[in-house]
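Enquirer: Before we start, here is the structure in question, set down as structure tokens.
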């Protein structure tokens, strides 16, 4: 039963099967979103502490999104949505943590 479940293709919201690159892009986007939302909630929008550690947690996923945008086999519409989403994550993290020295890492991803 478990083996059958593992062999089923991953599907998107429209119930279409995703290829491996789209699946990875979706996973990276979900994890980055979860980390950004957690950072905002737990630091009350950056007013109760630094979100630097959250940025460091999100960095591998943002790098993964960047890699998938550049080299993944993704349809053009999904690629554009990923670019917009990634720039949104970066802008949010940058806005909340400008004075903690993470600008150089953020600029690297843009």
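Numbering (our numbering), first residue to last: 553 to 662. Using N, Cα and C, we set each Cβ at its ideal position, and we do this for glycine too.
Do you know whose CA, among 631, 573, 592, lies nearest residue 605's CA?
Expert: Ranking 631, 573, 592 by Cα distance to residue 605 puts 592 first.
Enquirer: Can you tell which of 596, 587, 627 has the C-alpha that lies nearest to the C-alpha of residue 612?
Expert: If we check each option's Cα against that of residue 612, 587 comes out closest.
Enquirer: Classify residue 607: buried if its beta carbon has 16 or more other beta carbons within 10 angstroms, exposed otherwise.
Expert: So residue 607 counts as buried.
Enquirer: State the Cα-Cα distance for the pair residue 600 and residue 631, rounded to the nearest angstrom.
Expert: So the alpha carbons of these two residues sit roughly 35 Å apart.
Enquirer: In whole angstroms, give me the CA-to-CA distance for residue 574 and residue 626.
Expert: Using only the alpha carbons, I get a separation of about 6 Å.
Enquirer: Leaving out five residues on either side along the sequence, give the residues of the same chain with a beta carbon under 7 Å from the beta carbon of residue 617.
Expert: 577, 580, 581, 584, 634, 638, listed in sequence order.
Enquirer: Tell me the DSSP secondary structure of residue 625 in three-state form.
Expert: Coil, per DSSP.
Enquirer: Compute the Euclidean distance between the alpha carbons of residue 621 and residue 629, then round it to the nearest angstrom.
Expert: If I take the Cα positions, the gap works out to 11 Å.
Enquirer: Just reading off the alpha helix (DSSP H) that residue 601 is part of, what are its end residues?
Expert: No alpha helix (DSSP H) holds residue 601; DSSP gives it neither H nor E.
Enquirer: Could you tell me the distance, in whole angstroms, from the CA atom of residue 658 to the CA atom of residue 596?
Expert: Unreliable placement is indicated for residue 658, whose pLDDT of 48 sits below 50; no coordinate value is reported for it.
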